[in-house]
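Presented below is the structure to which this report refers.
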Amino acid sequence: MIRAFRACLLAGLILSGSGVMSETKIKVLDFTELDGWAEDDHAAALEVFRNTCTDLKAPDWAALCAVAQTQAKGREFFELFFRPVLIEDGAPALFTGYFEPELQGSLTRTGRFRYPVYGMPPEARRAEVWKSRREIEETGVMEGRGLEITWVDDPVDLFFLQIQGSGRIKLRDGSMLRVGYAGSNGHKYKSIGMELIRRGVYDRHQVSAQVIRNWVSRNPQEGRELLHHNPSFVFFRRVSEVPPDKGPLGAMNRSITAGRSVAVDPEFTPLGAPVWIEKEGEHPLRRLMVAQDTGSAIKGAQRADVFYGTGDAAGRRAGKMKDGGRMVVLMPIQRAYASLYRGVR
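Numbered by this note's numbering, the letters in the sequence shown go through residues 5 to 349 in order.
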């Protein structure tokens, strides 16, 4: 999914007078109120917290990050220096999952690999709204300019790569190339899944990435038109900062970790903060994660997107996740209690 990142510490938000917190309820909890807390692998969460806490510049966060570098017992560290804070804005909790796609590709165009992954043209970067998906793909405006980063073998995989905003491409020699979000054409995203529902092809509960992929494969001409229903188009860049065996970059410009990194709304949850997830549904989840990413669809105090990893298996797990529950933010002790008295009804 496309990441447009904006970090924001909770204390700064409360003091900003933006009005976001005026409708928010905040409650400080005890660790004994967190369902399944004692059974989690806190050391694994501590290791992920260390990966990005150095980017938290507020004095209390910076002090805790320094302490974290010397700690081995994760549970003791979190219980000693943090308090769980439940932040609610009136909307029900919603947990979804996301993943990093892995595509098959080639650095040269062939009969099989003929769908280009494009870098961003300068005129698109300058324009607020540029050409639509159909115009980019059908008018030849991108051809002969050396903007192709690589070529892939499946237009639907490429479409979903654009939705995710980053991915890993396995080249013919076995090497890996990672690409990340560079920008878009400025058009508003339109869901092709919702379009299939509108046409009466599927009911809402039937639509998934795999269902869409299969439908486009069975109906190549109509499938191409379906993809053009979404005028939004994403451009990419090569990502060389992260080794291919590591997770993709998140909103904090650090590699994220499968099963321990979560995308949140930074208007409510500080990026870099530990968050306790209590997800319900067919596969309940009780786990301490770290808020290291954001997403254009991740809005609200109880909205979160769990990173499941790279490849098809991760994609299948992520695609099935759409559950309620509860998210609790772990904050430094003084910050946690101070949040109760600043602009919150």
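For every residue, glycine included, the Cβ atom is placed at its ideal position computed from N, Cα and C.
Remember, predicted model here, so these are calculated numbers, not experimental data.
Boundaries of the beta strand (DSSP E) in which residue i is found, first to last residue
i: S2; result: An answer regarding residue 2 cannot be provided, because it is not within the stretch 5 to 349 covered by the chain.
i: Q338; result: Per DSSP, Q338 belongs to no beta strand (DSSP E); it is in the alpha helix (DSSP H), I337 to A342.
i: A186; result: M180 to S188
i: D103; result: The residue you asked about is not Asp; residue 103 is Phe in the sequence shown. F103 -> beta strand (DSSP E) spans L98 to E104.
i: G171; result: S170 to L175
i: P88; result: F86 to E92
i: E27; result: Careful: E27 lies outside any beta strand (DSSP E) and carries neither H nor E.
i: E152; result: E152 to V156
i: V121; result: Y119 to Y122
Alpha helix (DSSP H) segment containing residue i, residue limits
i: W219; result: A213 to R222
i: P63; result: P63 to A72
i: V52; result: H46 to C57
i: P126; result: P126 to R130
i: R137; result: R137 to E142
i: M198; result: I196 to R202
Length of the line joining the Cα atoms of residue i and residue j
i: D157; j: V121; result: 11 Å
i: R118; j: A318; result: 26 Å
i: A66; j: C57; result: 7 Å
i: E127; j: R264; result: 38 Å
i: S244; j: S170; result: 13 Å
i: L344; j: L33; result: 12 Å
i: L289; j: W280; result: 10 Å
i: Q225; j: V238; result: 22 Å
i: N55; j: L165; result: 26 Å
i: R291; j: G276; result: 16 Å
i: A202; j: M256; result: Checking the sequence shown, residue 202 turns out to be Arg, not Ala. Spanning the two alpha carbons is a distance of roughly 37 Å.
i: P88; j: G78; result: 15 Å
i: S316; j: L84; result: According to the sequence provided, residue 316 is Asp. The question's Ser does not apply to it. The straight-line gap from Cα to Cα measures roughly 39 Å.
i: A186; j: I153; result: 12 Å
i: M27; j: L334; result: A small fix is needed here, since residue 27 is Glu in this sequence, not Met. The straight-line gap from Cα to Cα measures roughly 21 Å.
i: V220; j: E37; result: 47 Å
i: G184; j: R241; result: 5 Å
i: M25; j: R307; result: Low confidence applies to M25: its pLDDT is 46, below 50, so where it sits in the model is not reliable enough to give any reading.
i: K135; j: H191; result: 8 Å
i: G40; j: D93; result: 24 Å
i: A42; j: I167; result: 37 Å
i: A48; j: A72; result: 12 Å
i: F82; j: V294; result: 12 Å
i: R176; j: W155; result: 11 Å
i: V246; j: R182; result: 8 Å
i: P159; j: F86; result: 47 Å
i: G178; j: G123; result: 22 Å
i: L200; j: R137; result: 18 Å
i: I140; j: P125; result: 11 Å
i: R149; j: S110; result: 18 Å
i: L90; j: L151; result: 47 Å
i: R320; j: A213; result: 9 Å
i: T143; j: A95; result: 44 Å
Buried/exposed call for residue i, threshold 16 Cβ in 10 Å
i: A131; result: exposed
i: S29; result: At residue 29 the sequence reads Lys, which differs from the Ser that was named. With fewer than 16 Cβ atoms within 10 Å of its Cβ, K29 is classed as exposed.
i: E106; result: buried
i: S188; result: buried
i: I173; result: buried
i: R208; result: exposed
i: G304; result: buried
i: P336; result: buried
i: V133; result: exposed
i: D297; result: buried
i: T356; result: Since the displayed the chain opens at 5 and closes at 349, residue 356 lies outside it and no answer follows.
i: R339; result: buried
i: T74; result: exposed
i: T261; result: buried
i: H287; result: exposed
Residue i: CB within 7 Å of a non-hydrogen atom of the ligand ZN
i: Y185; result: With respect to the ligand ZN, the structure offers nothing, as it holds no ligand at all.
- Query: What are the start and end residues of each continuous beta strand (DSSP E) run of 3 or more residues lying completely inside the region 235-316, in chain order?
  - Reply: Qualifying beta strand (DSSP E) stretches, in chain order: 238-242, 265-267, 278-283, 289-297 and 307-314.
- Message: Under 8 Å, with one C-beta from each stretch per pair, do the region 237-251 and the region 194-207 reach the 3-pair mark?
- Response: No, because fewer than three Cβ pairs between the region 237-251 and the region 194-207 fall closer than 8 Å, the two stretches do not touch.
- On the three-pair Cβ rule with 8 Å, is the region 269-278 touching the region 316-330? The region 269-278 is not in contact with the region 316-330.
- Item | Cβ contact check for the region 300-314 and the region 92-110: 3 or more pairs under 8 Å | yes
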